[in-house]
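Participant:
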Amino acid sequence: MLSRGESGKREIEVTQAVSIERHGDVVVLVIDNPPINAGSAAVRRGLLEGIELLKRDDALAAAVIIGAGDTFIAGSDLKEFGQPLEHPQLPAVIAAIENCGKPVVAALDGAALGGGLELALGCDARVATARVVVGLPEVTLGIIPGAGGTQRLPRVVGIPRAIRMICSGERISGEAALAAGLVDEVAAGKLAAAAIAHARGLKGKSPLRAVAPPPAESAEIEAATRDALRAAKNRPAAIAAIEAVKSAATLPIEEALAKERASFESLRLSREAHALRYQFFAERDAARHPKLKGLAPRPVARVAIIGAGTMGSGIAIAALEGGYDVLLLEQDQAALDRGTARITEHYRSRVSAGKLDARRADATLARLDSSIDWDRVATADLVIEAVYEDLAVKQDIFRRLDRVARAGAILATNTSYLDLDAIANVTSRPQDVVGLHFFSPAHVMRLLEVVSGAATAPEVLAAALGVGKRLRKTCVLAGNAFGFIGNRIYSAYRKQCEFMIEEGAYPEQVDAALEAFGFAMGPFAVADLSGLDIAWRMRQNTASTRDPAHRYVRIPDMLCEAGRLGRKAGGGYYAYGPDGRRKADPEVRRLIDDASAAKGIARRPFDDEEIRRRALLAMTNEAALLLAEGVAQRPSDVDVVLTNGYGFPRWEGGVAFRAWERGEDALADDLDWLGAFSGPGFVRGDMRYLADSLG
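Right under this line is the structure:
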């Protein structure tokens, strides 16, 4: 029931999640379901009550639906999707809007995503702020829009663009939405006032269901289909979304809406949708730590980056995009000039491609400063070291930073393997030192491992996470250990794959099996891309500490000794032609066969299932070890790292998600099997850390 109250001259009626304000002959329905105004069952009930009031009250001529605070509806309540949905469901709310007999205007601010945009498309008009973002991200969560999004969006933007927008989850601004016809007005002043005025100007109902999709050439539709399926890797949700969008031109709308809803209901209960929802919540939780809650981070306005190579330049671009003033530092002018040229070319190419306004590019580059005078580090709030992976070099840099950086400045290293404490402890302020492990290219890759050393101050960690968020990174907190989370697990995975090529598989078979599973690239293709000499140098540096009883595969060393350092050298595990495409190399097969024979290993055939099983179990086992050591906070953090930084398929959830599905007893048997192949160097993880803690 509605309760009544007074607020000035407006009559206020309040439900649990929707308040109803009378502004003369216009009723304003205010969605108030913090923090993101998720479209929950309570919101849907409140909206239905408001629309029923509009319908029955002759004094009311129109309605406006608006969000409290600074957002409309940033999506549905995803926690509802894995269980029976509560009534009323969103299609019923939209049907009530379309059938109420009076115009309804959606006032969009902040975000109108998923069910929020579907609700807005079910209204008679849309007024927005310039800053709003709108989109239908359902396919990225393993489902499709289920409240008319596949039917109403193509009636505005056309079928080809609707296919691209829905399958990619594209988000567009208020101005872009106005240009596309998705909104009718961008408010120049107060959004509520503009929406009320717009509602009063409407002469009657104008639902999108009554509009036919604009005509499109079949070739254009098929091109959009091919592009969308390729980008979405032919996942079931993308296939279903394309079919639903195309039906907007071929089926009566009631039949098309019924088919859309049936597809939505089927997909939302699928394993893939479950895995993708799990990933969504895992990413949201990854940067949270109980001891950092409510802690004020150290302020950061100016960032200095030491090293202008590929990684340093990428970090500089990411920092510029985050709105920071950036100082780029190098040892010599030539290296500095190459780095600044690389950054400038990045922005010039984006302008040339029409992806960035020239004035914005110039304004961004104006915040970039460069120097070989390291005393200028004293102006920075955060210093990020981004030189090559050598402990002695990094320690020398941090000794120098300790002398020139201002008191309280945060000193960060971009190391990907090295001991953070060994770097921090050469300074007089280890509490100010933190690891920021960016992934290459740093301005593109989403993942950022934020590494805490033994002495890292909590407010430094909080500041590092804040910087990562501003850089639009998916941040994961990690403890200090060799390789942190991602590289430690990837090292175990790669080692197991090396065991398999020593036993009888070949690189192209291992890569193909894992790419068929869903990895973006197989481990040997990745090694060639990054360069085999990097890992070779690391193995050489640690050779003296290697236990000779442990199994060690010399094949990667033999490739490097033969000058096969990867794609940059024209050959590694594969041969590369002028077009850069990889192909199996008989010479590599001979080298592998010789390595097996030298150890007395009788090579045997492998099937793809064994390859996948062993590779994934190696990752799973290492994840359990990391959790036991406290390097990772929670199992889901491992999965966030693997999917965002290492090409693990999101629709598989991750190794922790799969371990939870498999169960502790079955995993124990699996590890007995894996250990028999791995030899005396194999350390078995406790599967309770994975199998129990996700349930």
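Residue 2 is where the sequence shown starts when you use the numbering used here, and the numbers rise one by one after that. Quick reminder that beta carbons are idealized off the backbone N, C-alpha and C, glycines included. Given the structure is predicted, the values throughout are model-derived calculations rather than measurements.
1) Checking 8 Å against the spacing of the C-beta atoms, do LEU184 and ARG127 come in under that value?
2) Around the C-beta of THR644, are 16 or more other C-beta atoms found within 10 angstroms, so that it is buried, or is it exposed?
3) Between PRO459, TYR418, GLU450, which has its C-alpha nearest PRO431's C-alpha?
4) Note down, in chain order, each residue of its chain lying with its Cβ closer than 7 Å to the Cβ of LEU392, except the 5 sequence neighbours on either side.
5) Could you spell out the range, first to last residue, of the alpha helix (DSSP H) harbouring THR414?
6) Kindly indicate which residue of ALA178, GLN17, MET501 has the alpha-carbon position closest to the one of ARG46.
7) Taking the beta carbon of THR416 as the centre, do at least 16 other beta carbons fall within 10 Å, making it buried, or is it exposed?
8) Specify the secondary structure class of ARG201 as computed by DSSP and reduced to three states.
9) Could you give the distance in angstroms between the alpha-carbon of ALA408 and the alpha-carbon of VAL301?
10) Leaving out five residues before and five after GLY159 in sequence, what residues of the same chain have Cβ atoms less than 6 Å from its Cβ?
11) Please go through the stretch 426-510 and give each complete alpha helix (DSSP H) segment of 4 or more residues, from N-terminal end onward.
12) Measuring CB to CB, does ARG262 end up less than 8 Å from GLY147?
13) Enumerate, from N- to C-terminal direction, the unbroken beta strand (DSSP E) stretches of 3 or more residues contained entirely within the stretch 310-378.
14) Given a threshold of 16 other Cβ atoms within 10 Å of its Cβ, counted over all protein chains shown, does GLN510 qualify as buried or as exposed?
15) Which partner residues does ALA126 have in the DSSP bridge list?
16) Within 10 angstroms of its Cβ, does TYR389 collect 16 or more other Cβ (buried), or is it exposed?
17) Could you give the distance in angstroms between the alpha-carbon of GLY9 and the alpha-carbon of ALA195?
18) Please report the distance separating the alpha-carbon of GLY564 from that of GLY532.
19) Rounded to whole angstroms, what is the Cα-Cα separation between ILE145 and ALA238?
20) Kindly indicate which residue of SER441, ALA245, ALA305, ALA193 has the alpha-carbon position closest to the one of LEU154.
21) Between SER453 and ASN481, how many whole angstroms is the CB-CB distance? I'm expecting something under 8 Å.
22) Beta carbon of ALA669, beta carbon of GLN497: below 8 Å?
23) Would you say LEU627 and VAL641 are within 8 Å of each other, going by their C-beta atoms?
24) Among the residues of its own chain, which have a CB less than 8 Å from the CB of CYS561, if the five just before and after it don't count?
25) Could you pull the start and end residues of the alpha helix (DSSP H) that LEU617 belongs to?
26) Along the chain, where does the beta strand (DSSP E) containing GLY68 start, and where does it finish?
27) Hey, could you find the ends of the alpha helix (DSSP H) VAL158 is sitting in?
28) Grab me the residues of SER441's own chain with a C-beta within less than 7 Å of its C-beta, minus the 5 sequence neighbours each way, in chain order.
29) Does DSSP put LEU49 in a helix, a strand or coil?
30) Are LEU448 and THR475 close, meaning C-beta to C-beta below 8 Å?
31) Where does GLU499 land, buried or exposed, given buried means 16+ other C-beta within 10 angstroms?
32) Who are the near neighbours of ALA576 in its chain, counting only those whose CB is closer than 7 Å to its CB and skipping five residues on each side?
33) Cα separation between ALA413 and VAL445?
34) Could you spell out where the beta strand (DSSP E) holding HIS24 opens and where it closes?
35) Of the residues ASN34, ASP58, VAL94, which one's Cα is nearest the Cα of ASP78?
36) Are VAL589 and MET620 closer than 8 Å when you measure CB to CB?
Facilitator: Answer, in terms of the structure:
1) For this step, residue 184 is matched to residue 183 along the sequence shown. For this step, residue 127 is matched to residue 126 along the sequence shown. Position check: residue 184 holds Val in this sequence, whereas Leu was assumed. Contact flag set, yes.
2) One-based indexing of the sequence shown puts residue 644 at position 643. THR644 is buried by the Cβ-count criterion.
3) As a working mapping, residue 431 is identified with position 430 in the sequence shown. For PRO431, the nearest C-alpha among the options comes from PRO459.
4) Translated into the one-based positions of the sequence shown, residue 392 becomes position 391. Excluding sequence neighbours, LEU392 sits near LEU419, ALA423.
5) Working through the sequence shown from its first residue, we reach residue 414 at position 413. That residue, THR414, is in no alpha helix (DSSP H); its beta strand (DSSP E) goes 411-414.
6) Here residue 46 is taken as the residue at index 45 of the sequence shown, counted from 1. Nearest of ALA178, GLN17, MET501 to ARG46, Cα basis: GLN17.
7) Numbered from 1 along the sequence shown, position 415 holds the residue referred to as residue 416. Result: buried.
8) Along the sequence shown, read from residue 1 onward, the residue named residue 201 stands at position 200. Residue state, collapsed to three classes: helix.
9) Translated into the one-based positions of the sequence shown, residue 408 becomes position 407. Translated into the one-based positions of the sequence shown, residue 301 becomes position 300. Going by the C-alpha atoms only, they are around 13 Å apart.
10) Numbered from 1 along the sequence shown, position 158 holds the residue referred to as residue 159. PRO215, ALA217.
11) 459-471, 487-504
12) Within the sequence shown, numbered from 1, the residue matching residue 262 stands at position 261. Within the sequence shown, numbered from 1, the residue matching residue 147 stands at position 146. Taking 8 Å as the Cβ cut-off, ARG262 and GLY147 qualify as a contacting pair.
13) 326-330, 369-372
14) In the sequence shown, residue 510 corresponds to position 509, counting from 1. Label assigned to GLN510: buried.
15) Numbered from its first residue, the sequence shown carries residue 126 at position 125. Note: ALA126 sits in a beta bridge opposite VAL106.
16) Counting from 1 along the sequence shown, the entry for residue 389 is found at position 388. Burial call: exposed.
17) Position 8 of the sequence shown, counting from 1, holds the residue named residue 9. Position 194 of the sequence shown, counting from 1, holds the residue named residue 195. Confidence at GLY9 is low in this model, with a pLDDT of 34, below 50, so its placement is unreliable and the value that follows should be read with caution. Answer to the nearest angstrom: the Cα atoms are 20 Å apart.
18) The sequence position of residue 564 within the sequence shown is 563, counting from 1. The sequence position of residue 532 within the sequence shown is 531, counting from 1. Rounded to the nearest angstrom, the two C-alpha atoms are 11 Å apart.
19) Stepping through the sequence shown from its first residue, residue 145 is reached at position 144. Stepping through the sequence shown from its first residue, residue 238 is reached at position 237. C-alpha separation (whole angstroms): 6 Å.
20) As a first step, residue 154 is located in the sequence shown; it is residue number 153 there, counting from the start. Looking at the Cα atoms, ALA245 is the closest of the given residues.
21) The residue labelled residue 453 in the question sits at position 452 within the sequence shown. The residue labelled residue 481 in the question sits at position 480 within the sequence shown. That pair is a contact at about 7 Å.
22) Residue mapping note: residue 669 aligns to position 668 of the sequence shown, counting from 1. Residue mapping note: residue 497 aligns to position 496 of the sequence shown, counting from 1. In this structure, GLN497 does not lie closer than 8 Å to ALA669 by Cβ.
23) Here the question's residue 627 lines up with position 626 in the sequence shown. Here the question's residue 641 lines up with position 640 in the sequence shown. It is not a contact, given that the beta carbons lie outside the stated cut-off.
24) The sequence position of residue 561 within the sequence shown is 560, counting from 1. So the qualifying residues of the chain are LEU533, ASP534, TRP537.
25) In the sequence shown, residue 617 corresponds to position 616, counting from 1. That run of the alpha helix (DSSP H) goes 609-630.
26) As a position in the sequence shown, residue 68 is number 67, starting the count at 1. Segment 63-68, the beta strand (DSSP E) holding GLY68.
27) Locating residue 158 in the sequence shown gives position 157, counting from the first residue. That run of the alpha helix (DSSP H) goes 150-158.
28) Your numbering for residue 441 matches position 440 in the sequence shown. Once the five neighbours on either side are set aside, the close Cβ partners of SER441 are THR311, MET312, GLY315.
29) Walking along the sequence shown from the start, residue 49 turns up at place 48. LEU49 falls in the helix class under three-state DSSP.
30) Start at 1 with the first residue of the sequence shown, and residue 448 comes out as number 447. Start at 1 with the first residue of the sequence shown, and residue 475 comes out as number 474. Yes. Within cutoff.
31) For the purposes of this step, residue 499 is taken as the residue at position 498 of the sequence shown. Its Cβ being crowded by 16 or more others within 10 Å, GLU499 is buried.
32) As a position in the sequence shown, residue 576 is number 575, starting the count at 1. Cβ within range, chain order: LYS584, ASP586.
33) In the sequence shown, the residue the question calls residue 413 occupies position 412. In the sequence shown, the residue the question calls residue 445 occupies position 444. Between ALA413 and VAL445, the C-alpha separation is close to 20 Å.
34) Taking the first residue of the sequence shown as position 1, residue 24 is located at position 23. Looking at the DSSP string, the run of the beta strand (DSSP E) that includes HIS24 is 19-24.
35) To locate residue 78, count along the sequence shown from 1; it is residue 77. Minimum Cα distance to ASP78 is reached at ASN34.
36) Numbered from its first residue, the sequence shown carries residue 589 at position 588. Numbered from its first residue, the sequence shown carries residue 620 at position 619. Their beta carbons are not under 8 Å apart, which means VAL589 does not touch MET620 by this criterion.
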